[in-house]
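With our numbering, letter number 110 in the sequence shown gets 126, and the count goes up by one each step, no holes. Idealized CB from N, CA, C, for every residue including glycine. To keep things clear, I will list the structure first and then write my remarks on it.
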Amino acid sequence: MTQLLVYLVGGFAVMQFVKRSSLTIDFWQQNTDLINQVIHNLVSINLLFALLAVLLYTVASAFCGALVTRVADASKAAQPVIYLSMLAFFMALAFQNTPTNLFVKIFSYIPFFSSYFMPLRLINGMATIPAAIVSLLILIATIIGSMIYIGRIYGGLMLQTDELGFWGNLKRGLRLK
């Protein structure tokens with residue numbers, strides 16, 4: 017969040033400088049419509065989906081990383097989350113020309129997939145803002161629920177010293193409370 021805040025404040029400062037600088041004022045005035053469209057597209061609900069997706073995948077990666085006993089294995093443990101993200105991305109890519117497909121509609125409400133499918137529907141005008149808000153609320157509820165659940169079992173996972181392997185630690189980790 018701090019990094020995002022730095023980008024927003026820095027971007028705003030640069031934009032104000034460019035508007036007033038004698039070097040760039042002509043460029044700004046000639047391209048105001050284009051610049052406003054770019055800024056509008058950057059600061060949209062799709063950005064919120066992207067930020068929430070990063071948060072959800074980070075929480076899932078932290079959980080997977082806690083399942084291993086050695087630090088060197090943490091990156092390998094996070095691979096299922098990476099594969100899930102890649103699967104969602106490639107599925108959305110495959111359905112980009114058919115945003116009215118029932119599969120796309122359903123997956124635009126499923127966390128881990130909604131961050132790819134709902135923006136696809138919004139960009140093509142096949143989803144309404146209320147539908148996007150419902151999808152966002154489901155995504156936020158999933159993130160909060162995951163953070164609470166994983167937060168409760170995280171300490172027990174981090175203190176594991178026996179070598180049950182990834183799947184054994186996963187089964188034991190899901191039982192911890």
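- In this structure Val59 does not touch Trp44 by the C-beta definition: roughly 18 Å separates them, more than the 8 Å allowed.
- Shown here, Asn140 sits in coil according to DSSP, grouped into three states, outside any helix or strand.
- Residues of the same chain with a CB within less than 6 Å of the CB of Met142, apart from the 5 flanking positions on each side, are Pro115, Thr116 in chain order.
- Here Arg86 carries a coil assignment [DSSP, helix/strand/coil].
- Contact between Ala104 and Tyr125 does not hold, since the beta-carbon distance rounds to 13 Å and is not under 8 Å.
- For Ile122, the uninterrupted alpha helix (DSSP H) run begins and ends at 118-123, by DSSP.
- Between Ser130 and Ile149, the alpha-carbon positions lie close to 11 Å from each other.
- The C-alpha of Gln19 lies about 10 Å from the C-alpha of Gly26.
- Using a Cβ distance threshold of 8 Å, Leu72 and Leu155 count as a contacting pair.
- The beta carbon of Ser77 sits closer than 7 Å to the beta carbons of Ala94, Val97 from its chain, once the five residues preceding and following it are set aside; these are given in chain order.
- Classified as exposed, Met31 has fewer than 16 neighbouring CB atoms from the shown chains inside 10 Å of its CB.
- In the three-state DSSP reduction, Leu39 falls in the coil class, being neither helix nor strand.
- If you look at Phe106, you'll find it in the alpha helix (DSSP H) that goes 95-110.
- Measuring C-alpha to C-alpha distances from Arg137 to each of Ala88, Lys121, Leu152, Ile159 identifies Lys121 as the nearest.
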